[in-house]
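Residue 147 in the numbering used here sits at position 108 of the sequence shown; the count goes up by one each step and never skips. Just so it is clear, CB atoms sit at the ideal spot from N, CA and C, and this is done for glycine as well.
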Amino acid sequence: VQLQASGGGLVQPGGSLRLSCAASGIIFNINKMEWYRQAPGKQRDVVATISSGGTTNYADSVKGRFTISRDNAKRTVYLQMNSLKPEDTAVYYCYVLSGAFPFNYWGQGTLVTVSS
């Protein structure tokens, strides 16, 4: 099973984007689904998490602006990003933690650039 991330692009400050991450097949025993981001020269950090029960958590830097959601029927997780700032510029990765082998699934990354 592979994760395919999409939806990145160039947006002006204050704009919005919605990222999608679709699984090519069924992932069993999903523990959580997350979005990470990695800016140039920086480490990869978690941005948003949605648990198997639907509980969501966000990094302080994106609270109130980003929303993570999922569509189980489409095997897709989303990240709605509003009020984007230049400091949100990064490559965004989706991640799924499963209780079944191979346990960890990463998407290929999608670039978000916030600039005027």
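Close-in-space but distant-in-sequence residues of the same chain around residue i (CB under 6 Å, 5 per side omitted)
| i | result |
| --- | --- |
| Gly64 | Val40 |
| Asp127 | Val153 |
| Glu73 | Val85, Thr88 and Tyr134 |
Close-in-space but distant-in-sequence residues of the same chain around residue i (CB under 8 Å, 5 per side omitted)
| i | result |
| --- | --- |
| Pro125 | Pro52, Val153 and Ser154 |
| Phe142 | Leu136 |
| Ala98 | Asp84, Val85, Val86 and Ala87 |
Helix, strand or coil at residue i [DSSP, three-state]
| i | result |
| --- | --- |
| Asp127 | helix |
| Val116 | strand |
| Ala139 | coil |
| Arg57 | strand |
| Ala44 | strand |
| Val50 | strand |
| Arg109 | strand |
| Val151 | strand |
| Gly103 | coil |
Check whether residue i and residue j have beta carbons under 9 Å apart
| i | j | result |
| --- | --- | --- |
| Ile89 | Lys102 | no |
| Ile66 | Tyr144 | yes |
| Phe105 | Ala78 | no |
| Leu118 | Leu58 | yes |
| Gly138 | Cys60 | no |
Near the ligand COA: residue i beta-carbon under 8 Å from a heavy atom
| i | result |
| --- | --- |
| Gly92 | With respect to the ligand COA, the structure offers nothing, as it holds no ligand at all. |
- Could you tell me whether the region 79 to 90 touches the region 137 to 154, using the rule of 3 or more Cβ pairs below 8 Å? Judged by Cβ distances under 8 Å, the region 79 to 90 makes no contact with the region 137 to 154, as fewer than three pairs qualify.
* Residue ranges of each beta strand (DSSP E) within the region 60 to 95, 3 or longer -> Counting whole runs of 3 or more residues, the region 60 to 95 contains the beta strand (DSSP E) stretches 69 to 77 and 84 to 90.
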